[in-house]
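Top line first, the protein sequences correspond to chains A and R.
Residues in the first sequence are numbered from 909 upward in steps of one, following this note's numbering.
Residues in the second sequence are numbered from 909 upward in steps of one, following this note's numbering.
All C-beta atoms in this analysis are idealised placements derived from N, C-alpha and C, irrespective of residue type, glycine included.
Written out below as structure tokens is the structure these notes cover.
There are 2 protein chains.
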Amino acid sequence: MSVLTEVLMANRDYAASFEKGDLPMPPGRRFAVLTCMDARLDPAKFAGLSEGDAHVIRNAGGRASDDAIRSLVISYKLLGTREWFVIHHTDCGMETFTNDIMADLLSSSLKTASVDETGWHDCCEGPGCTEGKYINWLTIKDQAQSVLEDVVRIKSHPLVPGDIPVYGFIYDVRSGSLIAVPEATEAGR
Amino acid sequence: MSVLTEVLMANRDYAASFEKGDLPMPPGRRFAVLTCMDARLDPAKFAGLSEGDAHVIRNAGGRASDDAIRSLVISYKLLGTREWFVIHHTDCGMETFTNDIMADLLSSSLKTASVDETGWHDCCEGPGCTEGKYINWLTIKDQAQSVLEDVVRIKSHPLVPGDIPVYGFIYDVRSGSLIAVPEATEAGR
């Protein structure tokens, strides 16, 4: 069965017993979570969320990108969240490369015109592609450090009110546990 | 009980019966979902995902921002996803304002030094704040149109390979159903 069919069949089952059609738009528990897109993470499960409880923002690494801050400001200003969690995780793909490596990989892979199974194949016209050099991939060297940096970046953004608490955690993909990053949560007060 | 305590207690329960500690980093079902941060959406539930299955990227609106594209390119190039879903939803907060309204609201609210319950209070030093004018809030006028635009933006990005299918859907928060946006999925082939 194709992925598309599988997703649509799963959705049919979900909708068939759906009883949450009357939830309001603002998150009921008034908080937001910023975390990684990693497939092993299910924030609703690991943080105990039901539909309607909290905003969940996810990107590669769970980083405090400009776009994550756009989302957080909307979450606060228009939809009333008053506490935020920044949650990175162990064994993150963002630790496996650097900005330079990513740019080089993309640049060299894109020089070939052939499509191969590795995914490193041509997607640009012409001889090579330097697009990868213009993106900050927001790689991670150390999880506790990246959580701290992201909490500090969020707290110091001019559109983020000073009184919102931002908590820093690392999710352990081996145990399912949230590990506190006290220096980040301290900086997020 | 505070939100922080509630989340940590829920996590303790999750970790106590955690049996997914051996999952590999690449998503097992080799696809990624881009959707909105909205609290009412639980992508794992509405699309039938278990831990380890698929990348989930979420921001305000589920928009194909530069950061979402950063995440999708990493998802494909480093972690092997080969199909992507763009899923916006009915009753989205991003339909309730425009870029100009958001900039004006932030600008005027930030002029006051007082903290109030509405969330529209001072977070910058000095007389007013024009920071909101420098952010593209990626608001939405029409869901089917925004899904189409985002699929087209993803497909035309120089780092996105031409052969990856991108499917377009709208999630109905009243029924829990995924509604196809055929013109987007057609553009995403």
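| query | Going by C-alpha distance, which of V964(R), V1055(R), E1039(R), L949(R) is nearest P932(A)? | reply | Within the first sequence, the letter at position 24 stands for residue 932(A). Closest option to P932(A), Cα to Cα, is L949(R).
| Coil, strand or helix - N1007(R) by DSSP | In the second sequence, residue 1007(R) corresponds to position 99, counting from 1. Helix.
| request: Measure the CB-CB distance between F1005(R) and L986(A) and report whether it falls below 8 Å. | output: By one-based count along the second sequence, residue 1005(R) stands at place 97. By one-based count along the first sequence, residue 986(A) stands at place 78. Yes, the Cβ-Cβ distance between F1005(R) and L986(A) is below 8 Å.
| Quick one: Cα of C1037(A) to Cα of Y984(R), how far? | For the purposes of this step, residue 1037(A) is taken as residue 129 along the first sequence, with counting starting at 1. For the purposes of this step, residue 984(R) is taken as residue 76 along the second sequence, with counting starting at 1. Rounded to whole angstroms, C1037(A) and Y984(R) show a C-alpha spacing of 17 Å.
| Touching or not, the stretch 1056-1075 of chain A and the stretch 997-1014 of chain A, by the rule of three or more beta carbon pairs under 8 Å? | Proximity of the stretch 1056-1075 of chain A to the stretch 997-1014 of chain A falls short of the contact definition, fewer than three beta-carbon pairs being nearer than 8 Å.
| said: Counting only C-beta atoms, is S1054(A) closer than 8 Å to chain R at any point? | reply: By 1-based counting over the first sequence, the position of residue 1054(A) is 146. No, S1054(A) lies away from the interface with chain R (no Cβ there is under 8 Å from its Cβ).
| message | With a threshold of 8 Å between beta carbons, is N967(A) in contact with chain R? | response | Your numbering for residue 967(A) matches position 59 in the first sequence. Taking Cβ atoms only, chain R reaches closer than 8 Å to N967(A), which makes this a yes.
| said: Here's a check: name, in chain order, each residue in its chain whose Cβ is nearer than 6 Å to the Cβ of P951(A), leaving out the five neighbours to either side. | reply: Numbered from 1 along the first sequence, position 43 holds the residue referred to as residue 951(A). Once the five neighbours on either side are set aside, the close Cβ partners of P951(A) are V941, T943, V964.
| request: Taking G988(R) as the reference, give the member of G969(R), R1097(R), Y1042(R), A962(R) with the closest Cα. | output: As a first step, residue 988(R) is located in the second sequence; it is residue number 80 there, counting from the start. That would be A962(R), whose Cα lies nearest to the Cα of G988(R).
| request: Classify E991(A) as buried or exposed, calling it buried when 16 or more other Cβ atoms lie within 10 Å of its own Cβ. | output: Residue numbering aside, residue 991(A) sits at position 83 when the first sequence is read from its first letter. E991(A) comes out buried.
| query | Should R971(R) and M945(R) be called a contact, given that it needs their Cβ atoms to be closer than 8 Å? | reply | One-based indexing of the second sequence puts residue 971(R) at position 63. One-based indexing of the second sequence puts residue 945(R) at position 37. No.
| task | For E1094(A), name the three-state secondary structure that DSSP assigns. | result | The residue you call residue 1094(A) lines up with position 186 of the first sequence. E1094(A) falls in the helix class under three-state DSSP.
| request: Thinking L912(A) and Y1075(R) are a contact (beta carbons under 8 Å), I'd like their distance in whole angstroms, please. | output: As a first step, residue 912(A) must be located in the first sequence, where it is residue number 4. As a first step, residue 1075(R) must be located in the second sequence, where it is residue number 167. Rounded, the Cβ-Cβ distance is 6 Å, consistent with contact.
| request: Could you tell me which of V981(R), F939(R), R1097(R) sits nearest to P1073(R), measuring between CA atoms? | output: Counting from one through the second sequence, the residue named residue 1073(R) turns up at place 165. Comparing Cα positions, the closest option is R1097(R).
| query | In the structure shown, what three-state DSSP assignment does V964(A) receive? | reply | Residue mapping note: residue 964(A) aligns to position 56 of the first sequence, counting from 1. Under the three-state reduction of DSSP, V964(A) is assigned to strand.
| Any C-beta of chain A sitting closer than 8 Å to the C-beta of W992(R)? | To locate residue 992(R), count along the second sequence from 1; it is residue 84. Not closer than 8 Å to any Cβ of chain A, the Cβ of W992(R) fails to qualify, so no.
| Can you name the residues that DSSP bridges to T943(A)? | Residue mapping note: residue 943(A) aligns to position 35 of the first sequence, counting from 1. DSSP, once it has assigned bridges, lists R966(A), I995(A) as partnering T943(A).
| said: My output table needs one value for S1015(R): the three-state DSSP class, helix, strand or coil. | reply: Position 107 of the second sequence holds residue 1015(R). Reduced to three states, the DSSP call for S1015(R) is helix.
| field | Beta-carbon gap between Y922(A) and F954(R) smaller than 8 Å | value | Counting from one through the first sequence, the residue named residue 922(A) turns up at place 14. Counting from one through the second sequence, the residue named residue 954(R) turns up at place 46. Here Y922(A) is near F954(R), since their CB atoms are less than 8 Å apart.
| task | May I have the straight-line CA-CA distance separating A976(R) from T1047(R), to the nearest angstrom? | result | As a working mapping, residue 976(R) is identified with position 68 in the second sequence. As a working mapping, residue 1047(R) is identified with position 139 in the second sequence. Spanning the two alpha carbons is a distance of roughly 15 Å.
| task | At 3 residues or longer, and completely inside the stretch 1049-1084 of chain R: list those beta strand (DSSP E) runs for me, N to C. | result | The beta strand (DSSP E) runs lying completely inside the stretch 1049-1084 of chain R and spanning 3 residues or more are 1074-1079, given in chain order.
| query | Are the C-beta atoms of M1100(A) and some chain R residue less than 8 Å apart? | reply | Within the shown structure, residues of chain A are numbered from 909 to 1097, placing residue 1100(A) beyond reach of any answer.
| task | With 8 Å as the threshold, decide whether the Cβ of A952(R) is near any Cβ in chain A. | result | Indexing the second sequence from 1 puts residue 952(R) at position 44. Chain A contact via Cβ: present.
| task | For P1090(R), count neighbouring Cβ atoms within 10 angstroms of its own Cβ and tell me buried if that reaches 16, exposed if not. | result | Numbered from its first residue, the second sequence carries residue 1090(R) at position 182. Taking every protein chain shown into account, the CB of P1090(R) has fewer than 16 other CB atoms within 10 angstroms, so this residue is exposed.
| message | Looking at the secondary structure, which residues open and close the beta strand (DSSP E) in which L1086(A) lies? | response | Within the first sequence, residue 1086(A) is the residue found at index 178, counting from 1. L1086(A) -> beta strand (DSSP E) spans 1086-1088.
| message | Can you list, in chain order, the residues of its chain with a C-beta nearer than 6 Å to that of E884(R)? Leave out the 5 residues immediately preceding and following it. | response | No statement about residue 884(R) is possible, as the shown extent of chain R runs from 909 to 1097 and does not include it.
| task | Take G1084(A) as the anchor and find which of S1054(R), L916(R), M909(R) has the nearest alpha-carbon. | result | Residue 1084(A) sits at position 176 when you count from the first residue of the first sequence. In terms of CA proximity to G1084(A), L916(R) leads the group S1054(R), L916(R), M909(R).
| Can you give the Cα-Cα distance for P934(A) and D1012(A), rounded to whole angstroms? | For the purposes of this step, residue 934(A) is identified with residue 26 of the first sequence, where counting begins at 1. For the purposes of this step, residue 1012(A) is identified with residue 104 of the first sequence, where counting begins at 1. Straight-line spacing of the CA atoms in P934(A) and D1012(A) works out to 43 Å.
| said: Using a Cβ-Cβ cutoff of less than 6 Å, which residues in the same chain neighbour R938(R) once the five nearest sequence positions on both sides are dropped? | reply: Counted from its first residue, the second sequence places residue 938(R) at position 30. Once the five neighbours on either side are set aside, the close Cβ partners of R938(R) are G988, T989, R990.
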